[in-house]
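S.K.: For the sequence shown, position 168 matches number 170 in our numbering, and the numbering has no gaps at all.
Glycine included, every Cβ here is placed at the ideal spot set by N, Cα and C.
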Amino acid sequence: MRQCELLGLARSSYYYRAATESPENLRLMRLIDEQYTKRPFYGVEKMTGWLREDKDELVNPKRVRRLMRLMGIEAIYPKPRLSQGNAEHRIYPYLLRDVKIERPNQVWSTDITYIRLLGGFVYLVAIIDWYSRYILSWQIANTLEVDFCLIALEDALRIGRPEIFNSDQGSQFTSREFTGRLEQAGILISMDGRGRVFDNIFIERFWRTLKYEDIYMKNYEDVPALLQGVGNYLDFYNGERRHQSLGNRTPGWVYFQAA
Numbered sequence: 003m004r005q006c007e008l009l010g011l012a013r014s015s016y017y018y019r020a021a022t023e024s025p026e027n028l029r030l031m032r033l034i035d036e037q038y039t040k041r042p043f044y045g046v047e048k049m050t051g052w053l054r055e056d057k058d059e060l061v062n063p064k065r066v067r068r069l070m071r072l073m074g075i076e077a078i079y080p081k082p083r084l085s086q087g088n089a090e091h092r093i094y095p096y097l098l099r100d101v102k103i104e105r106p107n108q109v110w111s112t113d114i115t116y117i118r119l120l121g122g123f124v125y126l127v128a129i130i131d132w133y134s135r136y137i138l139s140w141q142i143a144n145t146l147e148v149d150f151c152l153i154a155l156e157d158a159l160r161i162g163r164p165e166i167f168n169s170d171q172g173s174q175f176t177s178r179e180f181t182g183r184l185e186q187a188g189i190l191i192s193m194d195g196r197g198r199v200f201d202n203i204f205i206e207r208f209w210r211t212l213k214y215e216d217i218y219m220k221n222y223e224d225v226p227a228l229l230q231g232v233g234n235y236l237d238f239y240n241g242e243r244r245h246q247s248l249g250n251r252t253p254g255w256v257y258f259q260a261a
């Protein structure tokens, strides 16, 4: 449909139904999401203590652990682990330690985050250019299969081609379908070290910005509303939101003017 064409999304994503849990668990997941976005070092024990002491919630660690795993947040590990690894997939080394980022399309990276809706939740994948902070593409899904990540990759490759593509070691990004497409395009593959939250810091910062400036304020009711809202926000983020780190310029200006 026309709305998806304007947003650059696959038509199938418009018809996704949000993944669901009981109303009580969805309410707890909203609290966990907000606190974890604010305090990304919280694991199961800290999160359980916070829910009990600060929010007066009658929860035990077993329940909190299950919900955090459903959301992709793993205890102790300092970042959302929405994409779990697969022992049969090849793991590539991290290539960006001490590398100076000097130009657009030098390094892209990707990640997946949990996005809440009033009656459920979905997952969002995005691809960002490190130099400009420009969001090249994004897709949503109600499962963590690799397909929506591949669609986002193809959308981004229609805009440019990076020298290095960085991701975590999740099964979506280590899959042969994903790494094979990068290799086919002649792109070097880099993967975060286990437990190293700062290896992919730019996309992590973007998730916090998106949630605080849009998701938490809007409380989207369903997938069509989320698609429209996030599309509008990303138009603002790429084209109007100025970054002090970019010399008070927008990601879109820096990406296209410096490329």
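Please classify Glu47: is it buried, with 16 or more other beta-carbons within 10 angstroms of its beta-carbon, or exposed?
M.R.: exposed
S.K.: Tell me, please, whether the stretch 98 to 116 touches the stretch 125 to 136 by the rule of three or more beta-carbon pairs shorter than 8 Å.
M.R.: yes
S.K.: Provide the residue(s) that pair with Tyr235 in DSSP beta bridges, ordered along the chain.
M.R.: The partner list for Tyr235 (beta bridge, DSSP) is empty, contrary to what the question assumes.
S.K.: Taking 8 Å as the cut-off, decide whether the C-beta atoms of Val127 and Ala158 are in contact.
M.R.: Contact flag unset, no.
S.K.: Beta strand (DSSP E) containing Asp138: first to last residue?
M.R.: Note that residue 138 is Leu in the sequence shown here, rather than Asp. In the DSSP annotation of this structure, the continuous segment of the beta strand (DSSP E) that includes Leu138 starts and ends at Ile137 to Ala143.
S.K.: Checking the sheet assignment: what are the DSSP bridge partners for Ala128?
M.R.: Asp113 and Trp140
S.K.: Taking the C-alpha atoms as reference points, what is the distance between Val61 and Leu69?
M.R.: 11 Å
S.K.: Exposed or buried, which one is Gly241 when buried takes at least 16 other CB atoms within 10 Å?
M.R.: exposed
S.K.: CB Asp170 to CB Asp194, shorter than 8 Å?
M.R.: yes
S.K.: Where Arg105 and Thr252 are concerned, what is the direct C-alpha to C-alpha distance, given to the nearest angstrom?
M.R.: 15 Å
S.K.: Kindly say whether Asp58, judged by its beta-carbon, lies nearer than 8 Å to any beta-carbon of chain D.
M.R.: Reference to chain D is not applicable here, since this structure consists of a single protein chain.
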